[in-house]
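Participant:
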Amino acid sequence: MQNLERMRELIQTIKEADEAYYKYDAPIMADLDYDRLYDELAALERETGTILSSSPTQRVSGEVLESLTAVRHSRPMLSADKCKSVADIHKYLGGHEAVLSWKLDGLTLVLRYENGKLVQAITRGDGLQGEDVTHTVRIMKNVPLVIPCKEPLEVRGEGVISWKEFHALNGTLDEPYAHPRNLAAGSVRKLNAEEVRERGLSFMAFDLISDNLGGSTKWETLRFLAQMGFTTVGYSILAAGASEEAVRQAMDFYQPKEYAYPTDGLIFEFNDLAYGRSLGATGHHENRMTAFKWPDTRYETKFRRLEVATTRTGMISLTAAFDDVVIDGTTVNHAYLHNLDNFTRLALGPGDTISVYKANMIIPQIAENKTKSGGCPLPDVCPCCGSTLVVRQSSGGTRQLYCENEACPARLVRKFVHFCSKTRMEIKGLDEQTLTTFVQHGWVKNYGDLYELERHKEEILKTPGFGEKSFARLQNAVDERRTCTLNQFIAALGIPEVGRHAGRILNRKFGGSWDAFERAILDQFDFTQLEDFGQVMNDNIYCWYSDEEEAKLWRPALNHITFLKEETTMPEAQNNPFAGKTVVATGKLENYTRDGIQMKLLSLGARPASSVSKKTDYLIVGENAGSKLTKAQTLGVTTLTEQQFLQMLADAGIEA
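Be aware that the sequence shown starts at 627, since it is given in the working numbering, and climbs by one per residue.
Printed below as a string of structure tokens:
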């Protein structure tokens, strides 16, 4: 019973670590600790002969984000088994010829091609279904959009960013990423593809899914992928009958410190594909391949202090500072602790002897504290605003320190960034870094202050990166946004669930008048009467409006803004087929942006909606349409291609 209880504890801990790593790209434990827990669980399963259905040894780690469309994989994406020594590798190979390649540390992707064109890109997800990320993968610098093969196929590989690009980009970010893996994963999952265009992501192909392409060996498969235009993972051939020493020598050619991309080990796969398939698979891994992870060398040093900082979510980051130690030729003196539980487990105190290592030979981590004096106190107030900190516990039990002061400068920056962003008020020049500086100096405390930067001109001009010309450009950008539409302003306010689409509906309902919108709130207007407005959105508007602290943030801006009425007159054509109809658009359109199709529908007198329901009259389908198309077909909603939509406009005498 004790063993079973321990197994349940391990499963819960590993599950939480998986979710943090795969779903939120925010690891909560060191790789060494994760491997130790995983190995303990596997050993207990062997010892007890019991494997629980929720065990991570029987499934692929990962979660599907709710903000992206879920797509089912054509074949399950399983992991590789692992070996811990050269002797284990040699025994596993059993004298068979094998392909040896890098085990890349990024985000696993599946690219689907039909008729020679890229039609879909999917993340690994939970191994059975992933997330549709076609929009971002299309702009990765080495992904072929067209290949010289008309047969349908899938290519599996890793989305990665080189160490060089990672360090260059990370230096420009206000909240740097801990590892290129997190940067790659966060970039691929962004909803706005333009935000990742300059991030330098690459796709490294390592497998082909096809019934009759690529040949009979792994080597031929990789050659085929290269011929199709893919950059393949670096690999070599290990001859049949290779001795243990030959295996060791082959592995020695792979030096991670000299490799351009992050890697956490090597992959050995049988070259004969038919033989590999004959070995079958478990629910967790395929027997045709195995992985070898390099052991981390530990170094002793002395812990000195804990450094804390407030992030934009209010979470307090904890970083251990210790005496300099040279690891792999570089001086290391800091390691991120991930969460409060790790800090507690390590029981750190000034002068304690600790052992540190570089996870993946790159990221500094504390392996253990040999002294455990526990003399290092945790902060009880926010280092940014001085508010009392609280401990929050996730559903899985992991604890983090948080600052709950919504007005904390570190947290306020997020709201200013949202207000000034391209799809809201679009004030050019007020990017995250600039806004952080302005907030930290106290020059900007509410949205109205953005329109009064002239008061701080002399101080701003002394700030690095600012001169007379740059300040003038910024002032012009602010002046251009002294006029805006009601829907722009409402979307910029950050009312939960009330974004651009809802803003347009409110703009149309209240004729572009802020006064009319505010009077409706004071008169207890029922917003659920409006198209696409539910009870949650209605309640969110009233909760936001009654929040006095929020009002201090947005109300001063009303003194500086003049609201414009958008002209959305309906065409005079008598046979306009879309007047009064509820229309949804999905997928990528050739002639319209997402905002563009919404504005066009409004100009037609239609009711643009964001979701498909029984009330939907038309669904306009663009490239890579997802679940909305499936739902429309189920409900019997009329679907139109973009060309059919344009033809209906032309037939009605309406300009596209």
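The C-beta atom is built at its ideal place from N, Cα and C for all residues, glycine as well.
Rank ARG632, ASN741, MET1163, ILE654 by C-alpha distance to the C-alpha of GLU642 and give the top, closest one.
Facilitator: Taking the first residue of the sequence shown as position 1, residue 642 is located at position 16. It is ILE654 whose Cα lies nearest to the Cα of GLU642.
Participant: Residues in the same chain with beta-carbon distance under 7 Å from LYS816, minus the five sequence neighbours each way, listed in chain order, please.
Facilitator: As a working note, residue 816 is residue 190 in the sequence shown. Hits under 7 Å: THR762, VAL822.
Participant: Which runs of the beta strand (DSSP E) at least 3 residues long sit entirely within the segment 939 to 996? Give them in chain order.
Facilitator: Taking only runs of at least 3 residues, the beta strand (DSSP E) segments lying wholly in the segment 939 to 996 are 942 to 953, 956 to 962, 979 to 985, 989 to 995.
Participant: Just confirm the distance between the C-beta atoms of ILE637 and SER681, as a whole number of angstroms; I'd bet it's less than 8 Å.
Facilitator: Here residue 637 refers to the residue found at position 11 of the sequence shown. Here residue 681 refers to the residue found at position 55 of the sequence shown. About 6 Å separates the two Cβ atoms, so the contact holds.
Participant: Taking the alpha-carbon positions, what's the ILE640 to GLU666 distance?
Facilitator: Counted from its first residue, the sequence shown places residue 640 at position 14. Counted from its first residue, the sequence shown places residue 666 at position 40. Roughly 11 Å between the two C-alpha positions.
Participant: Can you round the beta-carbon distance between ILE942 and MET915 to whole angstroms, since I take them to be within the 8 Å contact cut?
Facilitator: Along the sequence shown, one-based indexing puts residue 942 at 316. Along the sequence shown, one-based indexing puts residue 915 at 289. Between MET915 and ILE942 the Cβ distance is about 41 Å, and since that is not below 8 Å, they are no contact.
Participant: Report the residue from GLY867, MET1274, ALA831 whose alpha carbon sits nearest the alpha carbon of GLN853.
Facilitator: By 1-based counting over the sequence shown, the position of residue 853 is 227. Answer by Cα proximity: ALA831.
Participant: What is the DSSP secondary structure of GLU642, counted as helix, strand or coil?
Facilitator: Taking the sequence shown and counting its residues from 1, one reaches residue 642 at position 16. If DSSP states are grouped into helix, strand and coil, GLU642 belongs with the helices.
Participant: What is the residue span of the alpha helix (DSSP H) that ASN1164 lies within?
Facilitator: Taking the sequence shown and counting its residues from 1, the one referred to as residue 1164 is at position 538. Its alpha helix (DSSP H) spans residues 1161 to 1172.
Participant: Quick one: Cα of ILE953 to Cα of PHE1159, how far?
Facilitator: Residue 953 sits at position 327 when you count from the first residue of the sequence shown. Residue 1159 sits at position 533 when you count from the first residue of the sequence shown. For ILE953 and PHE1159, the distance between alpha carbons rounds to 57 Å.
Participant: Which of the three DSSP states is assigned to THR1188 in this structure?
Facilitator: Taking the sequence shown and counting its residues from 1, one reaches residue 1188 at position 562. THR1188: strand per DSSP, three-state reduction.
Participant: Give a yes or no on whether the C-beta atoms belonging to GLU784 and GLY732 are separated by under 7 Å.
Facilitator: Residue numbering aside, residue 784 sits at position 158 when the sequence shown is read from its first letter. Residue numbering aside, residue 732 sits at position 106 when the sequence shown is read from its first letter. Against a cut-off of 7 Å, the Cβ pair of GLY732 and GLU784 comes out as a contact.
Participant: Given a cut-off of 7 Å, decide if VAL1209 and VAL1238 are closer than it, judged by their beta-carbon atoms.
Facilitator: By one-based count along the sequence shown, residue 1238 stands at place 612. By one-based count along the sequence shown, residue 1209 stands at place 583. For VAL1238 and VAL1209, no; Cβs fall outside 7 Å.
Participant: By a C-beta neighbour count over all protein chains shown, 10 Å radius and 16 as the cutoff for buried, is VAL686 buried or exposed?
Facilitator: Translated into positions along the sequence shown, residue 686 becomes position 60. Caution applies to VAL686, whose pLDDT of 48 falls short of 50 and renders its modelled position unreliable; the model cannot decide the point.
Participant: Is it buried or exposed for ASN768, if we count other Cβ within 10 angstroms and need 16 for buried?
Facilitator: As a first step, residue 768 is located in the sequence shown; it is residue number 142 there, counting from the start. Classification for ASN768: exposed.
Participant: Taking only the alpha-carbon atoms, compute the straight-line gap between VAL745 and ILE835 and give it to the nearest angstrom.
Facilitator: Here the question's residue 745 lines up with position 119 in the sequence shown. Here the question's residue 835 lines up with position 209 in the sequence shown. Approximately 15 Å, taken between the alpha carbons.
Participant: Taking the alpha carbon of TYR1028 as the reference point, which residue from TYR1218, VAL1016, ASN913 has its own alpha carbon closest?
Facilitator: In the sequence shown, counting from the first residue as 1, residue 1028 sits at position 402. With distances taken between Cα atoms, TYR1028 lies closest to VAL1016.
Participant: Any idea what DSSP makes of MET1051, helix, strand or coil?
Facilitator: As a position in the sequence shown, residue 1051 is number 425, starting the count at 1. In the structure shown, MET1051 sits in coil (DSSP, three-state: anything other than H, G, I, E or B).
Participant: Helix, strand or coil for TYR901, going by three-state DSSP, please let me know.
Facilitator: Here residue 901 refers to the residue found at position 275 of the sequence shown. Three-state DSSP puts TYR901 in a helix.
Participant: Which stretch, first to last residue, makes up the alpha helix (DSSP H) that contains VAL1039?
Facilitator: As a working mapping, residue 1039 is identified with position 413 in the sequence shown. Note, VAL1039: alpha helix (DSSP H), 1035 to 1046.
Participant: In terms of residue numbering, what span does the beta strand (DSSP E) encompassing LEU726 cover?
Facilitator: Locating residue 726 in the sequence shown gives position 100, where the first residue counts as 1. Run containing LEU726: 724 to 730, per the beta strand (DSSP E) assignment.
Participant: State the Cα-Cα distance for the pair GLN881 and GLY675, rounded to the nearest angstrom.
Facilitator: The residue labelled residue 881 in the question sits at position 255 within the sequence shown. The residue labelled residue 675 in the question sits at position 49 within the sequence shown. Using only the alpha carbons, I get a separation of about 38 Å.
Participant: Taking buried to mean at least 16 other C-beta atoms within 10 Å of its own C-beta, is GLY940 buried or exposed?
Facilitator: Along the sequence shown, one-based indexing puts residue 940 at 314. Classification of GLY940: buried, given that the 10 Å Cβ count is 16 or more.
Participant: Can you name the residues that DSSP bridges to THR1212?
Facilitator: For the purposes of this step, residue 1212 is taken as residue 586 along the sequence shown, with counting starting at 1. DSSP output for THR1212 lists VAL1247 as bridge partner(s).
Participant: Within the same chain, show all residues whose beta-carbon is closer than 7 Å to that of LYS1135, passing over the 5 residues directly before and after it, in chain order.
Facilitator: Here the question's residue 1135 lines up with position 509 in the sequence shown. Hits under 7 Å: LEU1156.
Participant: Ends of the beta strand (DSSP E) at LEU892?
Facilitator: As a first step, residue 892 is located in the sequence shown; it is residue number 266 there, counting from the start. 889 to 896 is the span of the beta strand (DSSP E), which, as asked, contains LEU892.
Participant: By how many angstroms is the C-alpha of ASP644 removed from the C-alpha of GLU631?
Facilitator: Counting from 1 along the sequence shown, the entry for residue 631 is found at position 5. Counting from 1 along the sequence shown, the entry for residue 644 is found at position 18. Computed Cα separation, rounded: 20 Å.
Participant: Use the C-beta contact count for ALA900: other C-beta atoms within 10 angstroms, 16 or more gives buried, fewer gives exposed.
Facilitator: Sequence index remark: in the sequence shown, residue 900 carries index 274 (1-based). Exposed.
Participant: DSSP three-state call for PRO1203: helix, strand or coil?
Facilitator: On the sequence shown, position 577 is the one that residue 1203 refers to. Three-state DSSP puts PRO1203 in coil, outside helix and strand.
Participant: Identify, in the order they occur along the chain, each residue of the same chain with its Cβ nearer than 7 Å to the Cβ of LYS1241, setting aside the five sequence neighbours on each side.
Facilitator: Taking the first residue of the sequence shown as 1, we reach residue 1241 at position 615. THR1208, listed in sequence order.
Participant: Go through the segment 1085 to 1110 residue by residue and report every complete run of the alpha helix (DSSP H) that reaches 4 residues or more, in order.
Facilitator: Runs of the alpha helix (DSSP H) inside the segment 1085 to 1110: 1094 to 1106.
Participant: Going by beta carbon distance, what residues of the same chain come within less than 7 Å of LYS1257, once the five residues before and after it are set aside?
Facilitator: What you label residue 1257 is simply residue 631 of the sequence shown in a count that begins at 1. Result list for LYS1257: VAL1238, in chain order.
Participant: Shortest alpha-carbon distance to GLU1255 belongs to which of GLY1231, GLY1091, ASN1217, THR1212?
Facilitator: In the sequence shown, counting from the first residue as 1, residue 1255 sits at position 629. Checking the sequence shown, residue 1255 turns out to be Leu, not Glu. Minimum Cα distance to LEU1255 is reached at THR1212.
Participant: Mark LYS844 as exposed unless 16 or more other C-beta atoms lie within 10 angstroms of its C-beta, in which case mark it buried.
Facilitator: Numbered from 1 along the sequence shown, position 218 holds the residue referred to as residue 844. That one is buried.
Participant: Rounded to whole angstroms, what is the Cα-Cα separation between LEU1245 and ASN1217?
Facilitator: As a working mapping, residue 1245 is identified with position 619 in the sequence shown. As a working mapping, residue 1217 is identified with position 591 in the sequence shown. Taking the straight line joining both Cα atoms gives about 16 Å.
Participant: Buried or exposed: PRO774, going by 16 or more other Cβ atoms within 10 Å of its Cβ?
Facilitator: In the sequence shown, counting from the first residue as 1, residue 774 sits at position 148. That one is exposed.
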